[in-house]
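Per our numbering, the very first residue in the sequence shown carries number 1; after that it's consecutive.
C-beta: ideal position from N, C-alpha, C; glycine also.
As structure tokens, the structure follows; a few thoughts come after it.
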Amino acid sequence: MPGGSTIVSPNPIETIADASAPASTPASAVGHQLLALQEQLRHTQYWPAERMLRHQLQQLTELAVHAYRTRPFYRARLAACGYHPGQPITAEFWRTVPILTRREVQDHFADITEGPVPQDHLPFIWDSTSGSSGMPLRIKKTQRAQLAWLAATLREELWHRRDFSAKFATIRRTAWNDAFPPDGKRLPNWGAPVALVYPTGPAVVLDNRSTLEQHTAWLLREQPNYLLSTPSIIRELARHFRSAGLRLPSLRSLRTYGEATGPDVTELCREVFDADLADLYSATEVGYLALQCPEHTQYHVQSEMLLVEVLDQAGRPCSPGAVGTVVATPFYNFAMPLLRYAIGDLAEVGAPCGCGRTLPVLTRILGRASDLVVLPSGARRFANFGHGTIASMTQIVQIQLAQKSLYDLEVRLVTRGTFGAENEEKLRRMLNENLGENFRITFDYRDAIARAPSGKYLDFVNEIPDRRTS
Ligand SMILES: [Zn+2]
Numbered sequence: 001m002p003g004g005s006t007i008v009s010p011n012p013i014e015t016i017a018d019a020s021a022p023a024s025t026p027a028s029a030v031g032h033q034l035l036a037l038q039e040q041l042r043h044t045q046y047w048p049a050e051r052m053l054r055h056q057l058q059q060l061t062e063l064a065v066h067a068y069r070t071r072p073f074y075r076a077r078l079a080a081c082g083y084h085p086g087q088p089i090t091a092e093f094w095r096t097v098p099i100l101t102r103r104e105v106q107d108h109f110a111d112i113t114e115g116p117v118p119q120d121h122l123p124f125i126w127d128s129t130s131g132s133s134g135m136p137l138r139i140k141k142t143q144r145a146q147l148a149w150l151a152a153t154l155r156e157e158l159w160h161r162r163d164f165s166a167k168f169a170t171i172r173r174t175a176w177n178d179a180f181p182p183d184g185k186r187l188p189n190w191g192a193p194v195a196l197v198y199p200t201g202p203a204v205v206l207d208n209r210s211t212l213e214q215h216t217a218w219l220l221r222e223q224p225n226y227l228l229s230t231p232s233i234i235r236e237l238a239r240h241f242r243s244a245g246l247r248l249p250s251l252r253s254l255r256t257y258g259e260a261t262g263p264d265v266t267e268l269c270r271e272v273f274d275a276d277l278a279d280l281y282s283a284t285e286v287g288y289l290a291l292q293c294p295e296h297t298q299y300h301v302q303s304e305m306l307l308v309e310v311l312d313q314a315g316r317p318c319s320p321g322a323v324g325t326v327v328a329t330p331f332y333n334f335a336m337p338l339l340r341y342a343i344g345d346l347a348e349v350g351a352p353c354g355c356g357r358t359l360p361v362l363t364r365i366l367g368r369a370s371d372l373v374v375l376p377s378g379a380r381r382f383a384n385f386g387h388g389t390i391a392s393m394t395q396i397v398q399i400q401l402a403q404k405s406l407y408d409l410e411v412r413l414v415t416r417g418t419f420g421a422e423n424e425e426k427l428r429r430m431l432n433e434n435l436g437e438n439f440r441i442t443f444d445y446r447d448a449i450a451r452a453p454s455g456k457y458l459d460f461v462n463e464i465p466d467r468r469t470s
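Below, the structure is given as structure tokens:
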């Protein structure tokens, strides 16, 4: 963020749905920082391009010198480009830094994540992701990176002018296994970041390891004003409400995250819920890449917090209308520096937005998508298959699950070396635990797993004959 020195956080921050900061007391230290950052972000979103570029090059200069001095992996990489520690990074130099693949991050994980970080960025926070292209990864972050994450989350809430006194609902994986149906979990407020700064209404959470029917019954009972979940859940929920003739009049708007969405989901939400939908483009390893404009359907890149490049096959920046590879460099995570990291998504570059914000525009993101699991009973549920465990199995380079029948799953794997019967058994057990069934699970080893013809990467694909959702 501009004036990066203001991002110093003394306290661990809890994640959404877990924070129980008293809503009516003065904002915490983190809350004050978040408010100060919002004030900066209100201005920077209108900065001329040259001014934003100066800010970004300054951040890249700091990141590069840290990476060079503390991470052997980057020392070699940057030295090969003729880099001298501390030299100001220019746009021309930056284009000579090689693109960092997900496979490289997996293979050199210790070299990238082990090493000192400035004291005022601590503590560390660990996370994991199954990735945009089915390539699991552990993530090491800092408190400072987390503050940037919260600042972008709050910015999105403010852009879309949500009423914080309303009731907020989310259907998602919960870490503490305490939000299962039928009741889910009730919280007194929205959690971080909003409740760190403003008084809020209540929040309700339902674990996504539950069926569409259970989601529906819970929503009808809770009557929330806002709903946050993945596009795969929202799409199927809307279809289910439509076919059953159900309504949810309390609902004012919806938000999606975690998967590639499309105009079909937005239209469904309008038709079935008479509500708008906003999408968040984020990734655990880099934070928010882009947020949907409050006035248009396109996304604004979060240029204060990271550099996003969309490149063609020759490595040149794409022009508006062209689709290219998304390459991201987050400025504030010094624990796991990612320099020109190809996240595994494709995006279409857009022309400047009519809203007046100068933040660059993406019109479409082709990332990870997912079909729902069909249980033998016919009930459908989110394909939640335990990203943390998969990311900890370091032999897995890439994974895709295909449902072949009501009783059969095929695990497609690209592995580092031999996977082995013991790992197969561990994965079998873990998948069935997470999917809540007893599927017959077979393994299919491959050299690579390709994207769907749409350009999206399906991490769970329904291949049941005649059952595929239309
Ligand atoms: Zn806009």
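For T61 and C318, the gap between their C-alpha atoms comes out near 24 Å. For Y74, the three-state secondary structure derived from DSSP is helix. Within the chosen limit of 7 Å, ligand 1 does not reach the beta carbon of H160 with any heavy atom. One alpha carbon belongs to H108, the other to R161, and they sit about 42 Å apart. When beta bridges are read from the DSSP output, A290 appears opposite Y281 and V301.
For E410, the enclosing beta strand (DSSP E) covers residues D408 to T415. The segment 350 to 361 and the segment 432 to 447 do not touch, with fewer than 3 CB-CB distances between them shorter than 8 Å.
For Q403, the uninterrupted beta strand (DSSP E) segment begins and ends at I396 to Q403. Scanning M336, A335, F331 and V327 for the CA closest to the CA of A342 turns up V327. For E348 and K141, the gap between their C-alpha atoms comes out near 28 Å. In this structure, H300 has its CB closer than 7 Å to one or more heavy atoms of ligand 1. For S243, there is no enclosing beta strand (DSSP E); the enclosing alpha helix (DSSP H) covers residues P231 to A244. Counting the other CB atoms within 10 Å of its CB gives T90 a total below 16, which places it among the exposed residues. Within the same chain, I89 come within 6 Å of A64 by CB-CB distance, once the 5 residues on both sides are set aside. A direct Cα-Cα distance of roughly 11 Å separates E104 from M135. For D127, the enclosing beta strand (DSSP E) stretches over residues F124 to T129. V194: member of the alpha helix (DSSP H) spanning V194 to V197, first to last residue. Between the segment 194 to 209 and the segment 367 to 378, the count of Cβ pairs shorter than 8 Å is below three; the stretches do not touch. Residue environment for N384: buried (at least 16 other C-beta atoms within 10 angstroms of its C-beta). Annotation: S454 to N189 spans about 39 Å, alpha carbon to alpha carbon.
Pairwise C-beta distances place the segment 420 to 428 out of contact with the segment 150 to 169, as fewer than three of them are shorter than 8 Å. At least 8 Å separates the beta-carbon of L338 from that of E304.
In summary, A278 is buried, with 16 or more beta-carbon neighbours lying within 10 Å of its beta-carbon over all protein chains present.
Within the segment 82 to 129, the alpha helix (DSSP H) runs of at least 4 residues that lie entirely inside it are, in chain order, 91 to 94, 102 to 107 and 109 to 113. By the 16-neighbour rule on beta-carbons within 10 angstroms, H121 is buried. Cβ atoms of I139 and W126 come within 8 Å of each other, at about 7 Å. In the DSSP assignment, F273 falls within the unbroken alpha helix (DSSP H) covering P263 to F273.
Spanning the alpha carbons of R71 and T113 requires a straight line of approximately 8 Å. When rounded, the separation of the alpha-carbon atoms in F73 and H55 is 25 Å.
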